[in-house]
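Chains as they are written, first to last, in the numbering used here: chain A, 144 to 259; chain B, 4 to 111.
Each residue gets a CB set at the ideal place from its N, CA and C atoms; glycine is no exception.
As the structure is a prediction and not an experimental result, all values here were calculated from the model.
Reading through the structure tokens given below for one structure.
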């Protein structure tokens, strides 16, 4: 079974530019999550999709961040315009149930975003 | 306020030297506590989920335990390949709140 795939693995952009991150969850997983880790801090929740609907977007930092999940398959996270404080590692995770009691949440390898 | 605190921040062990990592939590209504392992450049890799005080789970040299206020991850006779950052997270109504992690280095 393929895992959660994220790309790009790294992205370096200038302040003010736009970047789009993509996440392909495990096939059949209705629940998709975005998290991020900024320098020196713990991993923090951004938002949760159930199929194509946003279940919880309480962790989104501001309106420069836009997440979509068209058709309930892959998801994109767009940052526009990017600011220096957006630098960090963005993780995507998926699960079959809201809380997959047997296997936890499966994470991708992350996208390291550097804004210069 | 919900909080997850891990200690120590870093741990250096000799191969074979057993030790324990701590994760203390303050949450209203624990729905599950997760342990993950993270290697450099990779995402968190699931290890265990614990749901109720007194529960224990084991996998190879790792054993996780849970009380009402904290969880321990015991590493028995570690090997260099156990070197990683170990993350604890609690389930808050379908989303995870992570601790800062414990970086473990096991030297031969």
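- Annotation: residue 11(B) to residue 26(B) spans about 9 Å, alpha carbon to alpha carbon.
- Proximity of residue 156(A) to chain B, defined by a Cβ-Cβ separation below 7 Å, is not satisfied.
- For residue 231(A), the enclosing beta strand (DSSP E) stretches over residues 231-238.
- According to DSSP, residue 23(B) shares a beta bridge with 77(B).
- Annotation: the continuous beta strand (DSSP E) that includes residue 156(A) extends over 153-156.
- The beta carbon of residue 191(A) falls within 7 Å of a beta carbon belonging to chain B, placing the residue at that interface.
- Annotated as proximal: residue 101(B) and residue 92(B), with beta-carbon spacing under 7 Å.
- Spatial neighbours of residue 22(B) in its own chain (CB-CB distance under 7 Å, excluding positions within 5 residues in sequence) are listed in chain order as 14, 16 and 78.
- 236(A) is the residue among 236(A), 257(A), 247(A) and 259(A) whose C-alpha sits nearest the C-alpha of residue 149(A).
- Listed by position along chain B, the residues whose Cβ is nearer than 8 Å to that of residue 169(A) form an empty set, because the closest Cβ is around 12 Å away.
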